[in-house]
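A.B. asks: My structure is below; once you've seen it, I'll send some questions.
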Amino acid sequence: MYNETIKFSLWCDFLERDFINSEFIDLIKNKTINGATSNPAIFKSAICESMAYSAMKEDYKKKSPKDLYEILATSDIKVAANKLLANYANGDDGFVSLEVDPNLYDDSEGTYKEGKKLFNAIKMPNVMIKVPATKDGYSAMKELIKKGVSVNATLIFSVDQAKECLDAFEEGSKAFAKRWPNSPLPKGVISIFVSRFDRLLDNDLKAAGIEAGKYGIYNATKAYKLIEERGLSNVRALFASTGVKGDELEPDYYIKELLYPNSINTAPLSTIKEFIKTSHEPKEIPSDSSISEFFNSCKNAGIDYDEVCQKLLDDGLDAFCKAFDEILKSLQ
Numbered sequence: 009m010y011n012e013t014i015k016f017s018l019w020c021d022f023l024e025r026d027f028i029n030s031e032f033i034d035l036i037k038n039k040t041i042n043g044a045t046s047n048p049a050i051f052k053s054a055i056c057e058s059m060a061y062s063a064m065k066e067d068y069k070k071k072s073p074k075d076l077y078e079i080l081a082t083s084d085i086k087v088a089a090n091k092l093l094a095n096y097a098n099g100d101d102g103f104v105s106l107e108v109d110p111n112l113y114d115d116s117e118g119t120y121k122e123g124k125k126l127f128n129a130i131k132m133p134n135v136m137i138k139v140p141a142t143k144d145g146y147s148a149m150k151e152l153i154k155k156g157v158s159v160n161a162t163l164i165f166s167v168d169q170a171k172e173c174l175d176a177f178e179e180g181s182k183a184f185a186k187r188w189p190n191s192p193l194p195k196g197v198i199s200i201f202v203s204r205f206d207r208l209l210d211n212d213l214k215a216a217g218i219e220a221g222k223y224g225i226y227n228a229t230k231a232y233k234l235i236e237e238r239g240l241s242n243v244r245a246l247f248a249s250t251g252v253k254g255d256e257l258e259p260d261y262y263i264k265e266l267l268y269p270n271s272i273n274t275a276p277l278s279t280i281k282e283f284i285k286t287s288h289e290p291k292e293i294p295s296d297s298s299i300s301e302f303f304n305s306c307k308n309a310g311i312d313y314d315e316v317c318q319k320l321l322d323d324g325l326d327a328f329c330k331a332f333d334e335i336l337k338s339l340q
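Next comes the structure, spelled out in structure tokens:
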């Protein structure tokens, strides 16, 4: 764990075969990271651009593109899970996430079945199945938790989404505990996306005289507080999309600003390297009143919170679906 005092974890938002067998090991050994995540965009870059997958592609070239993708992805996830297994055994996170086909975002049964299929293919206890936070996704999350599968709820932009995920995790956990009363509960993380708000809104906020680089921080803080107040022992807030584009903010800005107790930050490799150059103190959590004042100012400036969250969710789903489809196309 990066900061044991406040139970703050740092996970790497990047996986690629050569990296997993080299630098990834050092990051774990040095206690820089204690977890990892992947998504369709990350695997698109790895599978389509890295030569490390050439041999396996040739070995399984008669497989369908989807089956071949699953073989490549689950192979990487299993190796990464093995590298993190000591962390998991010691209660120091040690999870690695793999996302279901994002095209199933409106198919609860399809999402659940694919999540179980991927989890069973990897056969590692420290794997999280990543599920988009949609209406059908919530149902799949509940069923996966109920069956003992740890879940990473992804693409959370609104506080309402975070609440729906909490409800799904709580219901699934209760059902699991009822059936297996002496077994540890499966884990859940609620991945609140941060930087995409600021990239979308900062120019408008500046024009209205409102401080830039804060919308994503304050929104994530609202969701974090909700998660902490619910007090589910097996669920934590995870701050995602914490890389910085451009030069206006420091590269590790979103890690430093969200260095909160009992939280996780999953960041790109370059962001993590920048963050660990110096030591950092835990961040004071903004008050409810300061957050409300900020969002009231944004509302008065014509920014509709619900519309913004829906746009970012739609854009996120579209980007992940396109990346996944491009992977399959490249494997034909």
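Residue numbering for the sequence shown follows our numbering, starting at 9 and increasing by one per position.
All C-beta atoms, glycine included, are put in the ideal place defined by N, C-alpha and C.
Bear in mind that the values here come from a model prediction, so they are computed numbers and not experimental data.
How many whole angstroms separate the CB atoms of V202 and Y262, which I take to be in contact at a CB cut-off of 8 Å?
C.D. replies: 5 Å
A.B. asks: How would you label D84, buried or exposed, when you count the other beta carbons within 10 angstroms and need 16 or more for buried?
C.D. replies: buried
A.B. asks: Exposed or buried, P48, counting other C-beta atoms within 10 Å across all chains shown (16 or more means buried)?
C.D. replies: buried
A.B. asks: Quick check: the Cα distance between F184 and K124, rounded to an integer number of angstroms?
C.D. replies: 15 Å
A.B. asks: May I ask you to list the residues that DSSP assigns as paired with M136?
C.D. replies: S105, S158
A.B. asks: Have a look at I6 and C173 and give me their C-alpha separation to the nearest angstrom.
C.D. replies: Residue 6 cannot be examined here, being either before or after the span of the chain that is shown, 9 to 340.
A.B. asks: In chain order, which beta strand (DSSP E) runs of at least 3 residues are fully inside the segment 200–288?
C.D. replies: DSSP runs (the beta strand (DSSP E)) wholly in the segment 200–288: 243–248, 271–275.
A.B. asks: Let me check understanding here. Comparing Cα to Cα, which of G217, K70, A170 lies closest to L234?
C.D. replies: A170
A.B. asks: Check whether the segment 95–102 and the segment 61–78 touch, using three or more Cβ-Cβ pairs below 8 Å as the test.
C.D. replies: no
A.B. asks: Do F16 and L240 have their C-beta atoms closer together than 8 Å?
C.D. replies: no
A.B. asks: Can you give me the Cβ contacts of F205 inside the same chain, cut-off strictly under 8 Å, excluding the 5 residues immediately before and after it?
C.D. replies: F165, Y223, G224, N227, V316, L320
A.B. asks: Near A81, what residues of its chain come up, given a Cβ to Cβ distance below 7 Å and the 5 sequence neighbours on each side ignored?
C.D. replies: F51, L106
A.B. asks: Under a CB-based cut-off of 8 Å, is G251 close to chain D?
C.D. replies: The displayed structure is made up of one protein chain only, and chain D is not part of it.
A.B. asks: When you compare only the Cα positions, how much space is there between G217 and Y313?
C.D. replies: Going by the C-alpha atoms only, they are around 18 Å apart.
A.B. asks: Taking all protein chains shown into account, decide if D21 is buried (16 or more other Cβ within 10 angstroms of its Cβ) or exposed.
C.D. replies: buried
A.B. asks: Would you decide whether G310 is buried or exposed? Buried here means 16 or more other CB atoms lie within 10 Å of its CB.
C.D. replies: exposed
A.B. asks: Report, in whole angstroms, the separation of the C-beta atoms of V159 and M136, which I expect to be a contact under 8 Å.
C.D. replies: Going by Cβ atoms, the distance from V159 to M136 rounds to 6 Å, so yes, they are a contact pair.
A.B. asks: Only counting the same chain, and skipping five residues up and downstream in sequence, which positions put a Cβ closer than 7 Å to that of P294?
C.D. replies: Y226, T229
A.B. asks: Following the continuous alpha helix (DSSP H) through L325, name the residue where it begins and the one where it ends.
C.D. replies: Its alpha helix (DSSP H) spans residues 313–338.
A.B. asks: What residue does the beta strand (DSSP E) around L18 start on, and which one ends it?
C.D. replies: 17–20
A.B. asks: Enumerate in chain order the residues of its own chain whose CB-to-CB distance from E122 is below 7 Å, with the five nearest sequence positions on each side excluded.
C.D. replies: V108, D109, L112
A.B. asks: Look up A49 in the DSSP assignment and say whether it is helix, strand or coil.
C.D. replies: helix
A.B. asks: May I ask which residues mark the beginning and end of the alpha helix (DSSP H) holding P73?
C.D. replies: 73–91
A.B. asks: In terms of alpha-carbon separation, which member of R238, K74, T13 lies closest to E178?
C.D. replies: It is R238 whose Cα lies nearest to the Cα of E178.
A.B. asks: Excluding the 5 residues flanking K91 on each side, which residues of the same chain have their C-beta closer than 8 Å to its C-beta?
C.D. replies: I28, F32, I33, I36
A.B. asks: Does N11 come out as helix, strand or coil in the three-state DSSP assignment?
C.D. replies: strand
A.B. asks: Could you check where the alpha helix (DSSP H) with Y120 kicks off and where it finishes?
C.D. replies: 116–130 is the span of the alpha helix (DSSP H), which, as asked, contains Y120.
A.B. asks: Terminal residues of the continuous alpha helix (DSSP H) containing K307?
C.D. replies: 296–308
A.B. asks: What do you reckon, are the CB atoms on I284 and T40 nearer than 8 Å?
C.D. replies: In contact: I284 and T40 (Cβ atoms closer than 8 Å).
A.B. asks: If you count every other CB in all the chains shown that lies within 10 Å of the CB of T119, and 16 or more means buried, which is it?
C.D. replies: buried
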